[in-house]
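Beneath this line is the structure, given in structure tokens, with notes to follow.
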Amino acid sequence: YTTEGNKHYHQFVDACLGNAETSAPFSYASRLTETILLGVIAGRFPNKTLHWDNEKAKFSEAEANEFLDSPYRKF
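Quick note: to get my numbering, add 1 to the position in the sequence shown (first position is 1).
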């Protein structure tokens, strides 16, 4: 393992080891990822307005909630 260069996976490993912070901390990256993934779900319902409840982390529309979870695979 070398930290030569500023590669994102080096930042991640260093942050996990407690040696540094990443340039995109989880508090920022998690919200960005959530927004993008909610947009992907919304794209499955063209011409329909979806209502997101941030407190419950669910849509008001049951059919959209089906895309929030997927069953775990059994190995």
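Where is the CB? At the ideal position from N, CA and C, for every residue including glycine.
query	result
Whole angstroms is fine: what's the gap from residue 14's alpha carbon to residue 47's?	40 Å
Hey, quick one: how far does the alpha helix (DSSP H) through residue 31 stretch, first residue to last?	27-43
DSSP on residue 2, reduced to helix/strand/coil?	Note on residue 2: pLDDT 49, under 50, position unreliable in the model; no value is reported.
When the Cα of residue 9 is compared with those of 19, 18, 20 and 25, which residue comes out closest?	25
Start and end of the alpha helix (DSSP H) containing residue 16?	9-17
What residue range does the alpha helix (DSSP H) around residue 64 cover?	63-66
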